[in-house]
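Undergrad:
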Amino acid sequence: MPSQHPHLTSPITLRGTTLRNRIVFGAHTNNMSDMGLPGPRTRGYITERAKGGAGMIVMEPVPVHRTGVLTRGNYLHGTDDIIPAFRQVTEAARAEGTVILQQLYHIGAHGDSDLSFQPHWSPSGHASYHDSDGSHRMTEREIEELIDAHITAAIRCQKAGFQGVEVWAAYHSLLDQFWTPWSNTRDDQWGGSLENRTRFSRRIIDGIRRACGEDFILGLAVSTSDAHDVTLSVESLTEIVALHDATGQIDYVTCGHGGYLDFERLMPTFLFAEKLTAPVTEILKGVVKHAKITSEAHVRTPDNAETILASGQADMVSIVRGQIADPHLAAKTMAGRTDDIRACISCNQMCWGRRSRDYWISCLINPSAGREWEWGGDRFTPAAQPRHILIVGAGPAGLEAARAAAERGHRVDIAEAAPQIGGQFRLAGLQPRRAQILDLMGWYERQFARLGVTLHLNTFLDTADIANHPADTVVLATGSLPDPNAKQRWLPALPRLPGLENGNVWSAEDVMRREARLGDTVILYDEGGNWRGVGTAWHMAEQGKKVILVTPDPYVGKEITRTSADAPARQRLARLGAQFVTEHVITRWHGNGATLRSGLTGEETVIPASALVMATTNIAFDPFPETFAGKHTHRIGDCAAPRQAAFAFHEGRKLALTL
1 MPSQHPHLTS PITLRGTTLR NRIVFGAHTN NMSDMGLPGP RTRGYITERA
51 KGGAGMIVME PVPVHRTGVL TRGNYLHGTD DIIPAFRQVT EAARAEGTVI
101 LQQLYHIGAH GDSDLSFQPH WSPSGHASYH DSDGSHRMTE REIEELIDAH
151 ITAAIRCQKA GFQGVEVWAA YHSLLDQFWT PWSNTRDDQW GGSLENRTRF
201 SRRIIDGIRR ACGEDFILGL AVSTSDAHDV TLSVESLTEI VALHDATGQI
251 DYVTCGHGGY LDFERLMPTF LFAEKLTAPV TEILKGVVKH AKITSEAHVR
301 TPDNAETILA SGQADMVSIV RGQIADPHLA AKTMAGRTDD IRACISCNQM
351 CWGRRSRDYW ISCLINPSAG REWEWGGDRF TPAAQPRHIL IVGAGPAGLE
401 AARAAAERGH RVDIAEAAPQ IGGQFRLAGL QPRRAQILDL MGWYERQFAR
451 LGVTLHLNTF LDTADIANHP ADTVVLATGS LPDPNAKQRW LPALPRLPGL
501 ENGNVWSAED VMRREARLGD TVILYDEGGN WRGVGTAWHM AEQGKKVILV
551 TPDPYVGKEI TRTSADAPAR QRLARLGAQF VTEHVITRWH GNGATLRSGL
601 TGEETVIPAS ALVMATTNIA FDPFPETFAG KHTHRIGDCA APRQAAFAFH
651 EGRKLALTL
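Position one of the sequence shown corresponds to residue 1 (UniProt numbering), numbered consecutively onward.
1) Assign T658 to one of two classes, buried (16 or more other C-beta atoms within 10 Å of its C-beta) or exposed (fewer than that).
2) What's the gap between the Cα of I636 and the Cα of I414?
3) Determine whether the beta carbon atoms of G430 and M540 lie at a separation below 8 Å.
4) Between the C-alpha atoms of K546 and R355, what's the straight-line distance to the nearest angstrom?
5) Short of 8 Å in beta carbon distance, which residues of its chain neighbour D112, apart from the five on each side in sequence? Order them along the chain.
6) Tell me L390's beta-bridge partners as DSSP assigns them.
7) Considering K546, what are the terminal residues of the beta strand (DSSP E) in which it resides?
8) Going by the DSSP bridge assignment, what does V581 pair with across the sheet?
9) Would you mind reading off the limits of the alpha helix (DSSP H) that contains R203?
10) Looking at C-alpha atoms only, which residue of R197, D187, K631 is the closest neighbour of W179?
11) Does the beta-carbon of residue 662 have 16 or more other beta-carbons within 10 angstroms, so that it is buried, or is it exposed?
12) Helix or strand or just coil, what does DSSP make of V556?
13) So, does the CB of D326 fall closer than 8 Å to a CB anywhere in chain D?
14) Just mark S116 as buried or exposed, buried being the case when its beta carbon has 16 or more other beta carbons within 10 Å.
15) If we require 4 or more residues per run, which alpha helix (DSSP H) segments fall completely within the segment 218–298?
16) Just to confirm my understanding: we take Y444, look at its own chain, exclude 5 residues before and 5 after, and list those with CB closer than 7 Å. What are they?
17) Let me know the secondary structure DSSP gives V69 once reduced to three states.
18) Going by DSSP in three states, L612 sits in which element: helix, strand or coil?
19) Assuming N366 contacts D339 (C-beta within less than 8 Å), just tell me the rounded distance between them.
20) So what's H456 in DSSP terms, helix, strand or just coil?
21) Where DSSP assigns a beta bridge to R635, which residues make up the other side?
22) Pair every Cβ in the segment 347–362 with every Cβ in the segment 296–305, then say whether three or more of these pairs are closer than 8 Å.
23) Within the same chain, show all residues whose beta-carbon is closer than 8 Å to that of Q88, passing over the 5 residues directly before and after it, in chain order.
24) Can you give me the Cβ contacts of G73 inside the same chain, cut-off strictly under 8 Å, excluding the 5 residues immediately before and after it?
25) Is the separation between the beta-carbon of S201 and that of A169 shorter than 8 Å?
26) Please report how far the alpha carbon of S311 lies from the alpha carbon of H126, in whole angstroms.
27) Taking 8 Å as the cut-off, decide whether the C-beta atoms of P386 and G535 are in contact.
28) Which ranges does the beta strand (DSSP E) cover as unbroken runs of at least 3 residues, wholly within the segment 319–395, from first to last along the chain?
29) Have a look at M334, R411, D472, A477 and flag the residue whose alpha-carbon is nearest the alpha-carbon of A449.
30) When we look at the beta-carbon of H290 and count the other beta-carbons within 10 Å, is it buried (16 or more) or exposed?
31) Less than 8 Å separating the beta-carbons of W490 and P552?
32) If we ignore side chains and look at the alpha-carbon of each, how far apart do D315 and L19 end up?
33) On the DSSP bridge list, what partners appear for Q103?
34) Can you name, in chain order, every residue of its own chain whose Cβ lies under 6 Å from the Cβ of Q447, other than the five neighbours on each side?
35) Suppose only complete runs of 4+ residues qualify. What are the alpha helix (DSSP H) ranges in the segment 111–144, listed by chain order?
36) What residues in its chain sit with their C-beta under 6 Å from that of G256, if we drop five residues either side in the sequence?
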């Protein structure tokens with residue numbers, strides 16, 4: 001049977017080294033270092049993607065200099081101590097047939113003094129777009145120091161077993177700052193003309209090639225953004241790439257999207273279109289004579305990737321979050337099993353969302369990400385004693401527990417009171433642009449069919465039903481419910497919303513289930529600052545409702561700031577006419593309006609509305625006894641404590657690994 005992805009699964013050669021396919025696990029900060037060295041967590045994370053069939057892995061960037069440290073989890077700079085530790089990673093990856101490189105980086109002006117305790121070195125001393133600091137205009141001697149630092153770092157990579165390096169010039173990093181006239185206002189040999197502005201990067205690349213030899217793969221990472229006029233235009237970027245390609249020293253160019261002046265599209269969520277850089281990589285592919293072109297930024301699925309390659313828009317594709325979500329994406333594609341791929345839902349919650357808080361990264365739908373060394377990868381070992389397991393509730397916790405337990409050879413029944421699986425997570429998939437969640441539900445249904453999980457829909461089990469079930473193990477994953485008292489956390493003395501008895505008060509779940517009668521003007525009170533409130537407001541605004549979003553937070557979408565989706569979400573709400581009232585609570589509902597109190601001044605205001613939607617903290621739904629006689633009883637997910645979906649998926653997997 002011919003491959004459904006013939007271009008994606010075909011080999012490609014870089015500097016005499018053949019990649020088994022054109023799927024790249026591109027560079028990204030996983031923040032997993034142990035005291036600056038790659039330890040078991042890093043090794044497990046990288047090895048799992050190598051086992052999963054990636055053609056090439058570009059490892060997390062290593063800062064080349066003390067002034068380039070950006071995260072707590074960065075690897076050590078300026079020391080050979082990293083060589084033996086990295087060699088363990090490269091040997092493991094290469095043993096699985098993957099070509100492995102490392103990215104070299106310096107952030108330039110956009111550093112983090114809290115982590116580096118150094119001034120940010122930049123071409124012209126401009127302000128940081130990472131924090132509120134300024135930067136240091138480098139002297140010529142310091143420029144030479146950074147050139148040497150890049151070359152020395154590449155030599156260490158080679159000694160550690162990396163088959164090449166990727167020089168980072170994307171997202172308005174140091175090299176991009178030299179290239180861009182707005183951020184390079186120097187009047188010496190490093191600024192002004194194109195030749196001068198590219199001298200820094202060309203010197204680095206030439207030095208690495210001379211030091212590491214002709215067989216060493218050398219890549220260049222660039223990016224495109226049209227958010228501000230001051231960043232490089234596509235025409236300017238094309239000219240710069242062509243200039244570097246003409247040297248014959250660059251083997252590939254990878255093009256990302258966004259940057260420090262356009263952060264929302266640097267790791268684009270579901271709010272943005274897929275295949276964001278494909279039009280630009282097509283232009284770049286038309287001007288290079290030697291280098292291969294890699295397209296990245298929201299290349300989420302093998303189908304996306306095949307389309308890009310088949311249409312001649314790139315030679316390779318970088319699928320990062322897709323291989324975080326399913327580390328075996330490449331192998332499944334090679335085997336023609338793309339229906340088995342657990343597709344990324346573009347949420348950013350546990351990958352960039354954790355990295356933005358300086359934690360090591362994971363994945364909302366794949367809790368093994370970052371835990372491979374503890375859990376044996378994203379794979380399963382048979383249970384020593386297969387059991388009959390009853391799982392009550394088919395929300396995220398129950399779904400993952402059922403799937404993982406069945407993978408280990410247990411006999412699994414899962415009962416769900418609703419007519420469809422997914423619980424509240426399915427409702428989230430009904431919000432604007434979040435249908436990837438519904439795709440995930442389809443994946444679980446296919447996995448259940450493959451594994452022989454018996455799914456009982458429209459099945460509400462009471463205590464007697466569970467006690468009499470033949471299963472020897474019971475897993476309660478019954479989720480949570482909206483608080484019937486609509487209690488607000490920032491009015492802690494009030495046990496319930498004053499005026500609740502006046503009616504026309506609904507939960508976000510009521511709205512998404514189409515059970516709420518809203519009228520024309522709706523106040524949505526959002527105390528979570530996440531998609532439960534923001535997405536429901538967006539849904540109502542798209543239906544033509546006049547939405548007034550009230551929050552005790554200083555801005556709308558505070559908890560999705562970590563995903564870089566808050567500003568785009570506010571923009572969409574504003575365009576739909578939604579009004580924002582921040583730093584307020586609701587002191588009374590009148591049935592046709594609400595009294596709001598400012599958290600800043602204490603002043604109260606009455607706002608008329610036909611309905612009130614409360615997106616407040618849920619309460620656990622657990623009507624069952626602590627244990628069932630003769631059965632092992634476990635509680636996971638929201639019925640243990642209402643939280644976000646990532647922790648439910650995690651508990652489902654973790655429990656299944658112990659059964």
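Beta carbons: idealized from backbone N, C-alpha and C, even for Gly.
TA: On the basis of the supplied data:
1) exposed
2) 14 Å
3) What sits at residue 430 in the sequence shown is Leu, not Gly. The Cβ atoms of L430 and M540 do not sit closer than 8 Å to each other.
4) 36 Å
5) V69, L70, T71, H130, D131
6) D413, V474
7) 546–551
8) V550
9) Residues 199–212.
10) R197
11) Lying outside 1 to 659, the shown extent of the chain, residue 662 is not represented and no answer is given.
12) If DSSP states are grouped into helix, strand and coil, V556 belongs with coil.
13) Included in the structure is just one protein chain, with no chain D present.
14) buried
15) 234–245, 278–287
16) Closer than 7 Å at Cβ, skipping near neighbours: L399, R403, I421.
17) coil
18) strand
19) The Cβ separation is near 17 Å, so there is no contact.
20) Of the three classes helix, strand and coil, the one that applies to H456 here is strand, per DSSP.
21) Answer by DSSP bridge pairing, in chain order: L476.
22) no
23) P38, R43
24) T29, N30, N31, M32, S33, D358, W360.
25) yes
26) 40 Å
27) no
28) 388–392
29) R411
30) exposed
31) yes
32) 12 Å
33) In the DSSP assignment, Q103 forms a beta bridge with E166.
34) Within the same chain, Q447 has close Cβ partners R403.
35) 113–116
36) A170, S223, E296, A297
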